[in-house]
Ligand code: FNR
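Residue numbers (the numbering used here): 446 to 777.
Here it is in structure tokens:
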């Protein structure tokens, strides 16, 4: 362990390769005679009260250390140049240090689309502090029960979390996104959150970063729990019937534009990536990462054209096949 938990997370997240990614068990039915030209394809979407030019974003990662400051500054530069949203890591790292440089991301006159993140273990006042410091377009509130339970210094009390959520809804003046951290949000939680007034959830499922693995590496224990939770595709399939009343966002194991499109076909309105972008900024310079992300933006259009979809909404009509574990768990 280093003396900074956030730096441990970065190190272990980069070292981990999930043994299973549910997107590999999804195949999209393409169209050999499309209605649209490539130039007609529109990637724009809308969620959490905001219009976005692109349906993917850099999801919550880091803050609260010197390493985090360097990473966040690169992420901000990439997000602004590519016109995509950046969500910072949990603001809890800065609660006792409001001058923390790793969260000073929005420079004057910048066009950066910025959101931030806080844990539901914190009361809504912590969320208000994050809003004041960052002026985000929305606030992600994360739920990470198994991570807390596996962390030696983690939370042990959870029964007040629903009350916390109700208070966030009542007191936070920007849209709230209730977010998992890679364990896959269950339908009952989504329904309860909706009943409390939540309109957007990031189901963040298994298949990419595993916070069970990360904490088990830190404590050198309980590796039998590394694969805890539901896969991203299974979580999306489970939540499908709620998608007309709750905006679904998807993250967890999204590696490239084809995974993004699959998540959008399965009902997501937006798609978040953490580890793949972290790996890019740790191994390439900012200009190269920008080029890769701009290529992704072009590739999304190519895939949509071959699926005969002009808009992100059209993707919901695409048929697909499920294989392997997904096929056994979801018989026709
Ligand atoms: C995360 N994630 C995360 N989530 C959150 O809500 N608050 C946080 O502070 C963090 N911190 C964090 C640090 C690092 C280094 C990583 C890689 C991830 C979880 C993240 O937002 C996402 O839900 C999962 O990582 C799954 O997505 P990927 O990594 O498979 O794309």
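Glycine included, each C-beta is placed from N, C-alpha and C at the ideal position.
Compute the Euclidean distance between the alpha carbons of residue i and residue j, then round it to the nearest angstrom.
i, j, result
"residue 617", "residue 476", "44 Å"
"residue 580", "residue 531", "13 Å"
"residue 741", "residue 702", "6 Å"
"residue 603", "residue 517", "30 Å"
"residue 728", "residue 572", "33 Å"
"residue 598", "residue 542", "20 Å"
"residue 731", "residue 557", "16 Å"
"residue 585", "residue 691", "15 Å"
"residue 640", "residue 575", "25 Å"
"residue 562", "residue 747", "32 Å"
"residue 704", "residue 468", "6 Å"
"residue 760", "residue 772", "21 Å"
"residue 791", "residue 466", "This structure cannot speak to residue 791, because the chain is shown only from 446 to 777."
"residue 491", "residue 723", "25 Å"
"residue 594", "residue 647", "21 Å"
"residue 649", "residue 569", "22 Å"
"residue 489", "residue 715", "10 Å"
"residue 502", "residue 533", "11 Å"
"residue 497", "residue 529", "8 Å"
"residue 668", "residue 743", "40 Å"
"residue 721", "residue 733", "14 Å"
"residue 463", "residue 745", "24 Å"
"residue 633", "residue 666", "30 Å"
If we call anything under 8 Å between Cβ atoms a contact, is residue i one with residue j?
i, j, result
"residue 479", "residue 753", "yes"
"residue 770", "residue 471", "no"
"residue 712", "residue 693", "yes"
"residue 601", "residue 629", "no"
"residue 544", "residue 508", "no"
"residue 524", "residue 548", "no"
"residue 553", "residue 588", "no"
"residue 674", "residue 653", "no"
"residue 610", "residue 565", "yes"
"residue 505", "residue 550", "no"
"residue 696", "residue 676", "no"
"residue 607", "residue 637", "yes"
Using DSSP with H/G/I as helix, E/B as strand and the rest coil, what is residue i?
i, result
"residue 442", "There is no way to answer for residue 442, as the model of the chain reaches only from 446 to 777."
"residue 465", "coil"
"residue 563", "strand"
"residue 787", "Outside the shown range of the chain (446 to 777) lies residue 787, about which nothing can therefore be said."
"residue 603", "coil"
"residue 763", "coil"
"residue 716", "strand"
"residue 580", "coil"
"residue 586", "strand"
"residue 594", "helix"
"residue 558", "strand"
"residue 711", "coil"
Return the chain-ordered list of same chain residues with a C-beta closer than 6 Å to the C-beta of residue i, the five sequence neighbours on each side being excluded.
i, result
"residue 457", "659, 662"
"residue 685", "712"
"residue 756", "487"
Considering only residues of the same chain and omitting the five flanking positions on each side of residue i, which have a CB-CB separation below 7 Å?
i, result
"residue 763", "473, 474, 710, 752, 754"
"residue 596", "660"
"residue 671", "655, 657, 658, 661"
"residue 567", "537"
"residue 778", "The structure shown does not extend to residue 778, since the chain is modelled only from 446 through 777, so no value can be given for it."
"residue 615", "none"
"residue 519", "726, 731"
"residue 775", "682, 767"
"residue 555", "525"
"residue 765", "471, 472, 473, 474, 710"
Go through its chain and collect everything with a Cβ distance to residue i's Cβ below 8 Å, but skip five positions before and after it.
i, result
"residue 583", "493, 494, 495, 560, 619, 620, 621, 622, 645"
"residue 452", "510, 512, 513"
- Message: Threshold first: 4 residues or longer. Then list the alpha helix (DSSP H) segments lying entirely within the segment 620-701, N to C.
- Response: 632-640, 656-664, 677-684
- Segments of 4+ residues assigned as alpha helix (DSSP H) that fall wholly inside the segment 464-550: The segment 464-550 contains these whole alpha helix (DSSP H) runs: 511-527.
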